[in-house]
Structure formats: structure tokens, C-alpha cells
Amino acid sequence: MVLIQRRPPYPFLGIPEIRDRIASYLDRKDCLSCIRVSIEWHHYFLRPIWETIDFEKDDATFDKATSEVLAKYGGFISQVVNISDLGHLQALQHSKINALKVIKAQVSVSSIYQQILSDTIQRSEGSLQLIDLFAEPSIPDTLMEQRKHGKHYFNISYTISSTLNLPGEGKGLTTLLLTRLCLSRESFSSLLQRCPSLRELTLNQVSLFNHMPSLTLFTGSKLQCLVASFSQVWDLDPHDLSAPSLLTHFPLLEKWHVPSLARSCNASLAVMRQDISRYCLVLKHIRFDQGDPAMASTLLAKTFGGLETCVLSARVLAASTILGLAAHQNSLTSLYITKACAPIFTDVVREDGTLRDATTAQWLYMIPRLCHRLRVLSLESFVCDIEDIENNVWACTDLQELGLCVKDLDSVQDIEACIKHVCNQRRAPRTVDLERFQNSETIVARTARYLLRFKYLKTVCLGTQAYSLPSPSCSCRIVHGEKKNVHPSFF
1 MVLIQRRPPY PFLGIPEIRD RIASYLDRKD CLSCIRVSIE WHHYFLRPIW ETIDFEKDDA
61 TFDKATSEVL AKYGGFISQV VNISDLGHLQ ALQHSKINAL KVIKAQVSVS SIYQQILSDT
121 IQRSEGSLQL IDLFAEPSIP DTLMEQRKHG KHYFNISYTI SSTLNLPGEG KGLTTLLLTR
181 LCLSRESFSS LLQRCPSLRE LTLNQVSLFN HMPSLTLFTG SKLQCLVASF SQVWDLDPHD
241 LSAPSLLTHF PLLEKWHVPS LARSCNASLA VMRQDISRYC LVLKHIRFDQ GDPAMASTLL
301 AKTFGGLETC VLSARVLAAS TILGLAAHQN SLTSLYITKA CAPIFTDVVR EDGTLRDATT
361 AQWLYMIPRL CHRLRVLSLE SFVCDIEDIE NNVWACTDLQ ELGLCVKDLD SVQDIEACIK
421 HVCNQRRAPR TVDLERFQNS ETIVARTARY LLRFKYLKTV CLGTQAYSLP SPSCSCRIVH
481 GEKKNVHPSF F
């Protein structure tokens, strides 16, 4: 009789390093199943179960957690989101919940609520990296209506105190998001001073009031990334139009995401241009989501200087905007034209994203023809004709990432066939049926031949997935994950 050794179940999960990596990809249900399989796996799959507490989903379950349970597992909690009432905060009051990295909470005028929220923040002062505070929208959802209701007023300087000022690089609060809050200008200035590690700030419909000319504003923030519309930066205090813009606080600003270019009559274009020229001395990355193309083109051509990365929505793209980009042809290394969330009405593209005519196509192709330093180019918002592309000599021959949608190359099968052609030619250009490939006039072959012009190209997206192209003697692989575009590495 021959004894056959029985294979242990889940052989790969028997390796600790693999368990540790797999745990980060599993949801709670799967992690719980793994823990039930083996008590030895308890350590690896326990953290993902407790890592995030979302009170929109876990309210009833977390309320049942006893003090003994929190004493045992509270140290694993690192993110708490959707805190909306006092009960949620009270459920977090345990000494073991002291290593939070992320807190997302709705604000309240209740002094008890603010005190307990402050306690929760202070308890995690050594680990907290992101705070997101928001208020319910008023009806109508405007700044004028917002100022009438106490629920939007919040003592943020008290809640986020100076104990977040931790020594050491990379320590302390680095990211702050504020939505629909009302703060005094002094409180906002003090907040920046108390958070020296702050690098990213998002302001959405935040009302700053009570500017005092005698007040010395803090202008030494090390903030690098700002997400705020023009109206947020300039239209501050309706009772004091002399209040300086928020750019005063951020001398080291490098990245600015502008969700909307809209502004009120309180701030003139001349003042805006003057402030940008004065305070944005190291700004290199800009993003415009929506607004007047004329405004975008004026700022690009006459105000911003030496931009390296530009992300533009198709809604702000016009012939004048393209001319504005040409002003940065010697510095621009990354350009992304993103899809608009609403119908497009410009002189360059139709509502469906196709170019209006051959003339407007030439405007678009001016970008790669002039911007010779481009390393990343994403034009996936438009459907380009392969003949137009072939007839334009692009100066950016050192492209490393390219996003492009080609007319008639719209099926997954054709796109993958195109990528396969590129991979085959890169791996063994002399052993493949080169003559047939070079003479073919199919859209697949023509697109592949064009991509082969860029010898440094590493990533390409033709409207579906991003593909990683091989260097010689390497194989092609698809970047795993859901369908995605070549996208900006910031914002």
C-alpha cells in the first residue's frame, strides 16, 4: 500500500508574507472567513476587519462593541468616516482608539460635540494625517444662506489645537478638507500656523469673515497643494472687499486644482492676475475643471509662468486655451485633457467628444507639435482621425505615457491587436512578418506603426485599459484593475 501525503488546504496562504499582502485586498467578510479557518491567521486578517469604521454602514454593529472588545481590537482602527452625531463620537471614546490616521466628521455647534471631537483628535495626535470636516448643505446651498445658520460655524482652532505640531519630517496633520464651514479669517490663519506639517488643503464653499486689517496674517505655511475655486480664493468677506486673497498664506504652493473658474464681481481679473504673479512664484502644476475658456486662456498665456503639468477639462478647451498652453512649450512635461461631466460646448469639440472639423483638429495638434518636452500626453477625451495624426509631426518624441482615442479603433479586440503588434515589433522586429505589417492599411496596423515612433513609450491607453509596453526582449502586460485612463499623478 502506498501512502499518499495529503496536501494541506490553502498552501499559498500558509506563507506569512503572502497572507500579509492578501489581507489588504480582502473585504471584511472574507477576512472573517480566513480567521475561522485557522487561529494562526488571526494576526494577518484581523487588521483589515477593524481598520476602517464607516458609521453609515457600521453604526449598529459598532454600537454593540463592548469596552472589552475595544480594549482588544481598538488599536487596529486607523480610519473613522461619516461621523454625524454625538453617539458616533461617544462610541469612539476608548483609550485604545489612539492611532487614528483619518477622521471624517460632520460638524456641530454643540460645545459637547466639539469637545469630544477635539478629545478624539488629540488622542491620535501622533498618527493623525487627514481630517475632513463638513457641514450639511443649507437650502438654498449658497454662501449667503450658509452664513445665516449656526450649524456652519465651527471653532476649528480649538478642535485642531497646537498639539498636532509634532517634531520630525512627515509627522503631524498633512491633509485637511473643509466643506461648508464658516470661519473667521483670524481662526483660519491660526489654524495654518498650528499645523506646520500641512501639505494639502481642500476648501469647498468655506466662508471666511471678520477680516481685520490690523491682524497680522500667517504667511509662512508650507502648503504645497491647494484645491479651491477662484471664488473661494478671492471672494472672501462681503463686508470687507479689501481682505487679501488666500494666496497670501501659501508662498510655497506648487499644485493648484481649480474646480471652478467662476468668480463674482468682487474680484477683478486684474487683481487675480496680480496676486498670482506675486504669490505663486513656485507654482508648477495647475488643473482647471470648468469655467470660461477665455478666462483659462488669459491666465495660461499672461499670468502663469513655467508650468510643468496642466490638467484641463474638455469644457475649458478652446482655440484660445491651446494658444495659452503654447506659452509653456519650453516647460510643459505633462498634459491631460479630461472628459467633461456635462455636455461640451466649445469651438474645438462636439458634445460627443469628436473634433468639429479639420481646422479645429489642427488647433489640438499644435500642442504636441510645439510642446517638445512632453513626457505624458492624454487626449482620451477626443476621437482623433489616424490620418490627421499621421500628417502631423509631433515634437514630443520622448513621450513615455500616451492616452489617445482613434476613430474606428473602438473594440477591445482591435485595441489589444494593436498593442500586440507594438509588443511584437519591440521584442523582435526582424523575426516578425515585418513586410505584411508595414504594408497593411488597417486601422490596427496604422495605429501600431504610429505608436512605434515613440521609442521611450512605456504606457499607452487607447480608450479602454492602460497597457505597459515592453522594452526589447520583454513581454507585454496589462496594467491590472478596472478600466482607466492615463491620469494625472496629483489631485
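According to full-length UniProt numbering, the stretch in the sequence shown is residues 1 to 491, in order.
All C-beta atoms, glycine included, are put in the ideal place defined by N, C-alpha and C.
### Query
Under the DSSP definition of a beta bridge, which residues are partnered with residue 492?
This structure cannot speak to residue 492, because the chain is shown only from 1 to 491.
### Task
Could you say if the stretch 54-70 and the stretch 32-42 meet the contact criterion of at least three C-beta pairs nearer than 8 Å?
no
### Message
For residue 204, report the span of its beta strand (DSSP E) as first-last.
### Response
200-204
### Message
Counting C-beta neighbours from all protein chains within 10 Å, is the total for residue 255 16 or more, i.e. buried, or is it exposed?
### Response
With 16 or more Cβ atoms within 10 Å of its Cβ, residue 255 is classed as buried.
### Query
What are the start and end residues of each continuous beta strand (DSSP E) run of 3 or more residues lying completely inside the stretch 172-230, in chain order?
175-179, 182-184, 200-204, 207-209, 225-227
### Task
Pick out the complete beta strand (DSSP E) segments inside the stretch 309-334, 3 residues or longer, and give them in chain order.
Secondary structure remark: continuous beta strand (DSSP E) runs of at least 3 residues inside the stretch 309-334, in chain order: 309-313.
### Message
Suppose contacts are defined by Cβ-Cβ distances below 7 Å. Is residue 370 in contact with residue 326 by that definition?
### Response
yes
### Task
Along the beta strand (DSSP E) that carries residue 77, what are the first and last residues, could you check?
Taken as a continuous stretch (DSSP letters only), residue 77 belongs to no beta strand (DSSP E), as it is neither H nor E.
### Task
Could you check what DSSP says for residue 250 in three-state terms: helix, strand or coil?
coil
### Task
Could you have a look at residue 287 and say whether DSSP puts it in helix, strand or coil?
strand
### Query
If residue 79 sits next to residue 102, beta carbons under 8 Å apart, how far is it from one beta carbon to the other, in whole angstroms?
4 Å
### Message
Rounded to the nearest angstrom, what separates residue 215 and residue 104 at their Cα positions?
### Response
31 Å
### Message
Can you look up residue 448 in the DSSP assignment and give me helix, strand or coil?
### Response
helix
### Start-end ranges of the alpha helix (DSSP H) lying completely within the stretch 16-65, minimum 4 residues
16-23, 28-37, 42-50, 55-63
### Beta-ladder partner(s) of residue 97, from DSSP
None, per the DSSP bridge assignment.
#### Entry: The alpha helix (DSSP H) enclosing residue 417, as first and last residue numbers
Per DSSP, the continuous alpha helix (DSSP H) segment holding residue 417 begins and ends at 412-427.
#### Entry: Enclosing alpha helix (DSSP H) for residue 302 [first to last residue]
293-302
### Task
With distances taken Cα to Cα, identify the nearest neighbour of residue 183 among 135, 398, 230.
135
#### Entry: Cα-Cα separation between residue 179 and residue 142, rounded to whole angstroms
Their backbone Cα atoms lie some 12 Å apart in a straight line.
### Task
For residue 401, count neighbouring C-beta atoms within 10 Å of its own C-beta (all shown protein chains included) and say buried if the count is 16 or more, exposed if not.
buried
#### Entry: Residue burial classification, residue 61 (beta-carbon count within 10 angstroms, cutoff 16)
exposed
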